[in-house]
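Novice: Here the sequence shown is numbered in my numbering, starting from 6 and rising by one per residue. Cβ coordinates follow ideal geometry from the N, Cα and C atoms, glycine included. Since the structure is predicted, the reported quantities are computational estimates derived from the model, not experimental observations.
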Amino acid sequence: MGSAWGAQKVRVGVYQNSPKVALSEAGRPEGIFIDLIEGIAEREGWEIEYVPGTWADGLERLAGGEIDLMPDVARNQEREALYAFHQEPVLASWNQVYTRQGSGLRSMMDLEGKRVAVLSGSVQERQFEQMAESFSLVVEWVSLPDFDAAFAAVSQGRADAVVTNRFFGVRNAARYGLEDTAIIFSPSKLYFAAPLQSAPALLQTLDRHLRAYKQDSGSLYYSSLRRWTVDEVRTAMPSWLVPVVSGAGALLLASVTGLWVLRRQVAVRTAQLRRNNEDIQALATENARLYEEAQAHAKGLELRVQERTAELAALGAFLQAIIDHIPNPIFYKGPDLRFRGCNKAYEEAFGVQRASFVGKTVLELDYLPFSDRQAYQVEDAQVLVEGSRMAREAAMPFADGQVHQTLYAVSGFRGADGQPSGMVGVIVDITPIRDAQAALKAAHDEQEAIFEAVHSGIVLLQDRVVRRCNGKLEHMLGYGPGELLGTTPQNWYTSEEAYQQAGGIIYSLAGHGATHQREEQMRRKDGSLFWSRIHVRALDPSDISRGLVGVLEDVTTERAAKEALRQAKEAAEAADRIKSSFLATMSHELRTPLNSIIGFTGILLQGLAGPLNLEQAKQMGMVRDSARHLLALINDVLDISKIEAGELRVACEPFNMARSIQKVAAIIQPLTEKKELALHVQVDPGLDAMVSDERRIEQVLLNLLSNAVKFTESGTVTLQAQRLEDFRVDAQSERAPAVQVSVTDTGMGIKEEDMALLFTPFRQIDSTLARKHEGTGLGLAISRRMVELMGGRIEARSTWGQGSTFTVTLPLHAQPNPEAA
């Protein structure tokens with residue numbers, strides 16, 4: 006057959022997109038497009054020259070006229086301006102997103118911040134970029150030269166998802182361990198594309214052969230589809246073909262029979278039969294021609310029915326794939342209000358199978374309460390008749406055994422004749438939304454309660470105008486409820502200058518995300534002054550117009566106390582040396598009367614001097630407890646005074662350190678049992694002999710354990726002791742063996758800003774703790790000085806709200822202290 010196109014060599018681009026077009030492992034072009042162009046070339050006498058490359062290479066070569074045809078090109082306005090196309094499509098396809106199995110990516114919103122692989126320069130790339138922009142998604146695009154590279158990138162974790170066509174996806178997903186998603190878009194038809202200025206005869210030749218192929222169910226076109234696709238290519242014979250063929254056959258048979266009868270009469274009517282025979286022969290010829298035309302027409306109709314059926318099947322599969330990937334349960338009913346189908350989400354939500362579900366009415370669904378079924382039936386009937394929409398919230402029992410809050414929406418639709426044709430329903434599980442709303446309300450109520458219960462004044466300012474404040478601030482400034490709203494803080498300051506200065510500093514710091522803190526003298530409504538500690542921070546440092554939040558504390562009393570404390574501290578320090586000298590010589594005189602008080606009150610409380618009534622016993626107990634507390638205080642004061650006066654003697658005698666630790670633990674045990682605390686003691690088995698002051702070491706450990714028990718309300722107190730081989734107290738000291746003892750508790754801990762005060766005499770980290778636990782503020786100071794006198798070191802670390810650890814490290818062989826001489 007002669008070629009309708011003048012050129013005998015056709016240059017065809019090839020890239021990797023199996024099964025449509027690809028290079029085999031042996032490097033030979035293959036696929037549906039390759040089968041078709043080779044079949045056409047064989048009929049036309051063309052010589053095919055394949056030009057391999059990437060998709061982008063092929064389009065660039067096509068635009069430059071370096072190749073004559075590029076297969077597998079979707080047609081759109083942009084490409085029609087660049088390339089020429091024939092009219093008869095080769096294939097119909099659509100695009101779909103694939104991900105690794107079990108990735109959890111199912112919808113467009115799941116792709117936020119993900120890496121998406123696309124074919125470089127493809128229509129899928131541009132279309133999907135536009136879709137991502139319409140959803141305001143931030144996606145990292147990974148452009149690759151072919152789909153094999155794109156699928157490999159997802160399989161190997163270098164990308165999270167890939168956009169491909171349905172042919173490549175269906176054929177190759179399992180090979181790369183990928184699965185499809187609900188993201189399906191852009192149905193399209195695929196063609197051969199030619200250079201824009203190419204000869205029209207080439208494209209016309211392609212159209213002619215494609216139309217001929219599609220009319221013949223046994224053609225190369227259908228055999229190639231059967232070979233390369235996983236979908237079965239079906240053909241069907243029209244129902245009218247059999248009677249048409251039978252009628253034509255019967256007519257032919259009648260003609261043959263008539264011819265046989267006429268021949269029997271040849272002997273008597275030769276001339277007449279010859280004429281009749283000629284007429285019958287002509288009629289038979291005409292009947293045969295009509296039969297052939299009817300057969301050809303029937304085959305053409307059969308192919309068109311096949312093609313239309315295939316298109317409808319592809320469209321049905323496309324729509325079913327979409328609905329099955331929608332995460333919300335969907336159902337649809339016919340005009341008789343019987344279910345015609347549902348999606349996978351409906352099956353999973355209610356634990357039903359589609360086959361057993363179709364054909365039933367809602368009244369037959371036993372997994373729904375009967376009263377609800379009746380309500381749904383009435384509503385659905387109304388929606389169907391009116392062709393309207395209805396949406397409401399409904400409580401529905403799901404297959405997980407829980408009743409879910411849902412949004413139930415149905416919509417009726419009509420057919421071309423205007424009559425009710427059916428309805429579709431969507432069920433959206435809004436249980437997480439309702440739970441979130443309830444949690445949000447609870448959090449709001451909780452924050453509102455805290456806002457009003459806090460002891461500090463809180464204010465929200467916008468443009469230096471009070472938008473909201475709590476009752477504590479109103480009380481602090483002397484205003485009534487609601488009086489401050491809409492006013493400026495100017496009247497709170499002692500002068501206009503102070504107001505402007507504070508505003509300038511606060512706003513300059515807030516814009517950088519910093520919290521401004523200062524103490525300022527402020528004015529109440531009645532004109533009286535007070536000192537306030539102010540903390541101010543921007544709600545959003547990047548947008549100061551959203552407002553500032555301020556916290557105000559009345560520190561008038563605190564400042565007065567600090568001033569009094571400063572004066573007292575100065576007086577105490579001035580008398581410190583006199584006090585130390587005096588107390589060091591008054592040890593016996595101070596302790597003797599207290600010991601007498603404790604002893605005599607003990608005799609009275611034991612009834613040895615006669616019975617006491619309840620009130621007397623109570624009062625005597627208070628006297629004894631006060632005397633004991635005073636004795637402990639005097640002992641601590643005497644110890645610190647002796648230390649400061651250089652009169653504390655430290656012994657250096659051998660003793661068993663492990664035994665001393667057990668002794669101290671035994672003393673503390675009743676206190677831990679009283680508070681229901683767990684006491685753990687862990688001593689290194691190799692720790693025994695030590696040369697130091699046994700009594701002072703036990704005093705230090707007893708103080709640390711007592712503090713740990715005192716400030717721990719629940720949990721554990723742990724003492725650990727181990728031997729160290731290379732301890733030195735400072736950089737100038739030589740390394741020597743040592744023992745390290747750590748006391749750890751799960752108590753309230755110490756704030757970071759209070760750590761510097763831990764070992765300061767007469768100081769406690771919190772006045773409220775001092776009142777609760779009746780501390781003197783000397784225990785840790787004494788312990789530190791004693792440890793240092795014995796050549797050791799004491800350290801502390803703590804996390805507020807979680808507990809503290811105090812660590813004492815002492816040399817195994819202490820050196821005599823010069824101060825003890």
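What separation, rounded to the nearest whole angstrom, lies between the Cα atoms of Arg-313 and Ile-328?
Specialist: Their Cα atoms are separated by approximately 22 Å.
Novice: Here's the rule I'm using: 16 or more other beta-carbon atoms within 10 Å means buried, otherwise exposed. How should Tyr-413 be labelled?
Specialist: Looking at its Cβ environment, which holds 16 or more other Cβ atoms inside 10 Å, Tyr-413 is buried.
Novice: Within the stretch 404 to 469, note down every full alpha helix (DSSP H) run reaching 4 residues or more, in order along the chain.
Specialist: Whole alpha helix (DSSP H) segments, 4+ residues: 436 to 458.
Novice: Alpha carbon to alpha carbon, how far is Gln-687 from Arg-700? Give it in angstroms, no decimals.
Specialist: Each residue's alpha carbon lies about 21 Å from the other.
Novice: Does the distance from the C-beta atom of Phe-336 to that of Phe-323 stay below 7 Å?
Specialist: No, Cβ-Cβ distance for Phe-336 and Phe-323 is not below 7 Å.
Novice: Taking only the alpha-carbon atoms, compute the straight-line gap between Glu-145 and Ser-125 and give it to the nearest angstrom.
Specialist: The straight-line gap from Cα to Cα measures roughly 14 Å.
Novice: Need the endpoints of the alpha helix (DSSP H) that Met-791 sits in, please.
Specialist: From DSSP, the alpha helix (DSSP H) with Met-791 extends over 784 to 794.
Novice: Applying the criterion that 16 or more other CB atoms from any shown protein chain within 10 Å of the CB defines a buried residue, is Tyr-218 buried or exposed?
Specialist: Per the 10 Å Cβ criterion, buried.
Novice: When burial is assigned at 16 or more other CB atoms within 10 Å of the CB, is Gly-691 buried or exposed?
Specialist: The residue in question, Gly-691, is exposed, as its Cβ has fewer than 16 Cβ neighbours within 10 Å.
Novice: Note down the Cα distance separating Val-655 from Ala-713, rounded to an integer number of angstroms.
Specialist: If I take the Cα positions, the gap works out to 25 Å.
Novice: Could you check whether Val-102 and Val-168 sit closer than 7 Å to each other, using their CB atoms as the reference points?
Specialist: Yes.
Novice: Name the residue from Val-746, Ile-755, Gly-784, Gly-18 whose alpha carbon lies nearest to the alpha carbon of Arg-798.
Specialist: Taking only the C-alpha atoms, the option nearest Arg-798 is Val-746.
Novice: Name the DSSP beta bridge partners of Arg-798, please?
Specialist: Thr-814, per the DSSP bridge assignment.
Novice: Kindly give me the distance between the Cβ atoms of Arg-596 and Leu-610, rounded to whole angstroms, as I take these residues to be in contact under 8 Å.
Specialist: Actually they are not in contact, since the Cβ atoms of Arg-596 and Leu-610 sit about 21 Å apart, beyond 8 Å.
Novice: Express the C-alpha separation of Gly-32 and Ala-255 in angstroms, rounding to a whole number.
Specialist: With a pLDDT of only 35 at Ala-255, under the threshold of 50, the placement of this residue in the model should not be trusted, and no figure is reported.
Novice: Which residues bound the alpha helix (DSSP H) around Leu-342?
Specialist: First-last for Leu-342: undefined, no H or E at that position.
Novice: With respect to the alpha helix (DSSP H) encompassing Pro-334, which residues constitute its N-terminal and C-terminal limits?
Specialist: Unbroken run through Pro-334: none, as it is neither H nor E.
Novice: Are three or more beta carbon pairs between the stretch 524 to 540 and the stretch 488 to 501 nearer than 8 Å?
Specialist: Yes, they touch.
Novice: Have a look at Gly-720, Leu-710, Phe-716, Met-662 and flag the residue whose alpha-carbon is nearest the alpha-carbon of Met-695.
Specialist: Nearest of Gly-720, Leu-710, Phe-716, Met-662 to Met-695, Cα basis: Met-662.
Novice: Does the beta-carbon distance from Leu-225 to Gly-44 come in below 7 Å?
Specialist: In this structure, Gly-44 lies closer than 7 Å to Leu-225 by Cβ.
Novice: Could you check whether the stretch 535 to 544 touches the stretch 516 to 526, counting it as contact only if at least three pairs of C-beta atoms, one from each stretch, sit closer than 8 Å?
Specialist: These segments touch.
Novice: Could you give the distance in angstroms between the alpha-carbon of Lys-194 and the alpha-carbon of Asp-450?
Specialist: So the two alpha carbons sit approximately 59 Å from each other.
Novice: So if DSSP puts Tyr-55 in a beta bridge, which residue, or which two residues, is it bridged to?
Specialist: According to DSSP, which records beta bridges pairwise, Tyr-55 is partnered with Val-17.
Novice: Run through DSSP, which three-state label would Leu-257 get?
Specialist: Confidence in Leu-257 is poor, its pLDDT being 32 and thus under 50, which makes the residue's placement unreliable; the coordinate value appears in the next sentence. Here Leu-257 sits in helix by DSSP.
Novice: Would you mind working out which of Ala-454, Ile-511, Leu-445 sits nearest Asp-468, comparing C-alpha positions?
Specialist: When each option's Cα is compared against that of Asp-468, the closest is Ile-511.
Novice: Quick check: the Cα distance between Ile-787 and Thr-721, rounded to an integer number of angstroms?
Specialist: Answer to the nearest angstrom: the Cα atoms are 25 Å apart.
Novice: Taking Cβ to Cβ, would you say Ser-229 is nearer than 7 Å to Arg-171?
Specialist: Cβ atoms of Ser-229 and Arg-171: not closer than 7 Å.
Novice: For His-480, which residues does DSSP report across the bridge?
Specialist: His-480 pairs with nothing; no bridge assigned.
Novice: Taking three-plus beta-carbon pairs below 8 Å as touching, is the stretch 546 to 560 in contact with the stretch 448 to 464?
Specialist: Output reads yes: the stretch 448 to 464 touches the stretch 546 to 560.
Novice: What number of angstroms, rounded off, separates the C-alpha of Leu-706 from the C-alpha of Lys-715?
Specialist: Each residue's Cα considered, the two are about 14 Å apart.
Novice: For Asp-371, count neighbouring C-beta atoms within 10 Å of its own C-beta (all shown protein chains included) and say buried if the count is 16 or more, exposed if not.
Specialist: Result: exposed.
Novice: Taking Met-753 as the reference, give the member of Gly-808, Asn-708, Met-760, Ser-711 with the closest Cα.
Specialist: Checked all of Gly-808, Asn-708, Met-760, Ser-711; the closest Cα to Met-753 is Gly-808.
Novice: Give the DSSP-derived three-state secondary structure of Met-113 in the structure shown.
Specialist: Three-state result, Met-113: helix.
Novice: Skipping 5 residues on each side, what residues in its chain have a beta carbon closer than 8 Å to that of Gln-132?
Specialist: Excluding sequence neighbours, Gln-132 sits near Asn-100, Phe-190, Ser-191.
Novice: The beta strand (DSSP E) that contains Met-395, what's its start and end?
Specialist: Note, Met-395: beta strand (DSSP E), 394 to 402.
Novice: What did DSSP end up calling Asn-170 once you bin it into helix, strand or coil?
Specialist: Note: Asn-170 maps to strand in three-state DSSP.
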